[in-house]
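Q:
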Amino acid sequence: MTTSAPQQTENASPGEPQGFFKGFLKEAIELVVVTLLLLVLIRWGVAEARYIPSSSMEPTLQINDRLIVEKISGHLGKKIERGDILVFYPPPIEMSGKDLSNDILHLAGRYTGLPFFPNEPAFIKRVIGLPGDMIRIQAGQGVFINNQLLDESAYIKEVPNYSLNVLGDIRGRNMDMRSIQYETDPKHMSDPIMVPAGHLFMMGDNRNNSEDGHVWGFLDQKRVIGRAFLLIWRKLDPPTYPPNLQAQE
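58 is the number of the first residue of the sequence shown in the working numbering; add one for each residue after it.
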């Protein structure tokens with residue numbers, strides 16, 4: 058009786074490290090799965106971080122600005138309003154007809170944000186036209202909504218130097234799009250163009266340096282990611298100094 062207990066202890070001890078490893082591995086896998094699920098849930102339903110790669114939204118947003126894109130209001134049914142700044146996946150026609158939303162790897166990157174999945178490009182622009190609006194852009198004057206000049210003095214860099222012309226059919230691989238042609242002749246007057254149901258007309262605040270709705274047409278609201286909600290980081294310009302304090306090369 059006295060000698061059997063140590064023998065049982067000695068026999069059990071070789072299995073303890075293996076059991077500990079199995080338990081640790083199980084907990085690690087569970088932690089990874091839970092973390093991924095939370096990550097997907099937050100990115101899909103709450104918010105995500107984005108940065109600004111171009112000057113198309115200047116002066117409102119600068120290159121390398123970081124901001125939070127909120128998605129809760131969209132899931133709660135809040136209507137999109139004129140002037141909202143939205144982040145969205147560009148129409149397939151902008152991606153040479155490729156609709157990346159059907160690609161499993163791009164879907165994984167979209168919902169997890171993990172760097173080892175391919176990145177799906179996203180645009181950020183301002184809502185100018187809502188469904189049913191009649192849009193007209195006149196070079197040198199600005200944007201007209203339902204025959205009323207839109208007051209954009211608070212956010213645009215300069216008025217457009219182009220006018221909308223006509224709509225032409227362009228077919229993407231997976232969805233039909235309509236591309237808006239334009240002219241840069243200031244004297245060219247164009248007829249208003251109606252924004253179709255379920256779509257938006259988007260423009261960048263840097264009107265003459267933005268690839269937006271005047272190039273690729275209307276945006277299906279299903280492609281909206283969320284609203285630009287909070288600017289969390291702005292890369293400031295380096296300070297300037299008098300010549301006598303500047304470093305000499």
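Just so it is clear, CB atoms sit at the ideal spot from N, CA and C, and this is done for glycine as well.
Measuring CA to CA, which of 122, 112, 115, 219 is closest to residue 289?
A: With distances taken between Cα atoms, residue 289 lies closest to 122.
Q: Could you round the C-beta distance between residue 186 and residue 103 to whole angstroms and report it? I think they count as a contact, below 8 Å.
A: Wrong, their Cβ atoms sit about 28 Å apart, outside the cutoff.
Q: Which residue marks the beginning of the beta strand (DSSP E) containing residue 129, and which one marks its end?
A: Premise fails: residue 129 lies in the alpha helix (DSSP H), 129 to 132, not in any beta strand (DSSP E).
Q: Measuring straight from C-alpha to C-alpha, what distance separates residue 130 and residue 280?
A: Distance between the alpha carbons of residue 130 and residue 280: 15 Å.
Q: Three or more beta-carbon pairs under 8 Å between the stretch 169 to 178 and the stretch 191 to 206, yes or no?
A: Touching, no, given that fewer than three Cβ pairs across the two stretches are closer than 8 Å.
Q: How would you call residue 106, buried or exposed, if buried means at least 16 neighbouring beta carbons within 10 angstroms?
A: It is exposed - the Cβ of residue 106 has fewer than 16 other Cβ atoms within 10 Å.
Q: What do you reckon, are the CB atoms on residue 198 and residue 207 nearer than 8 Å?
A: Against a cut-off of 8 Å, the Cβ pair of residue 207 and residue 198 comes out as no contact.
Q: What residue range does the alpha helix (DSSP H) around residue 272 cover?
A: Segment 270 to 273, the alpha helix (DSSP H) holding residue 272.
Q: Using a Cβ-Cβ cut-off of 7 Å (strictly less than) and excluding sequence neighbours within five positions of residue 287, which residues of its own chain qualify?
A: So the qualifying residues of the chain are 124, 125.
Q: State yes or no: is the C-beta of residue 112 nearer than 7 Å to some heavy atom of the ligand SAH?
A: This structure simply doesn't include the ligand SAH, nor any ligand for that matter.
Q: Mind checking residue 273: buried by the 16 CB within 10 Å criterion, or exposed?
A: Per the 10 Å Cβ criterion, buried.
Q: From the DSSP output, read off the bridge partner residues of residue 256.
A: BP columns for residue 256 point to 277.
Q: Can you tell me where the beta strand (DSSP E) with residue 199 in it begins and where it stops?
A: Residue 199 -> beta strand (DSSP E) spans 199 to 202.
Q: So the candidates are 182, 183, 164, 210; which of them puts its Cα closest to the Cα of residue 357?
A: No answer is possible for residue 357: it lies beyond the span of the chain, which begins at 58 and ends at 306.
Q: Is the beta carbon of residue 269 sitting closer than 8 Å to the one on residue 117?
A: No; because the gap between Cβ atoms is not below 8 Å, this pair is not in contact.
Q: Where does the unbroken beta strand (DSSP E) through residue 143 begin, and where does it stop?
A: It spans 142 to 145 - the beta strand (DSSP E) in which residue 143 sits, taken as one unbroken run.
Q: Here's a check: name, in chain order, each residue in its chain whose Cβ is nearer than 7 Å to the Cβ of residue 214, leaving out the five neighbours to either side.
A: The answer, listed in chain order, is 115, 116, 262, 263, 264.
Q: Can you tell me where the beta strand (DSSP E) with residue 108 in it begins and where it stops?
A: Taken as a continuous stretch (DSSP letters only), the beta strand (DSSP E) holding residue 108 covers 104 to 108.
Q: If we count the other Cβ atoms within 10 Å of its Cβ and call it buried at 16 or more, is residue 271 buried or exposed?
A: By the 10 Å Cβ count, residue 271 comes out buried.
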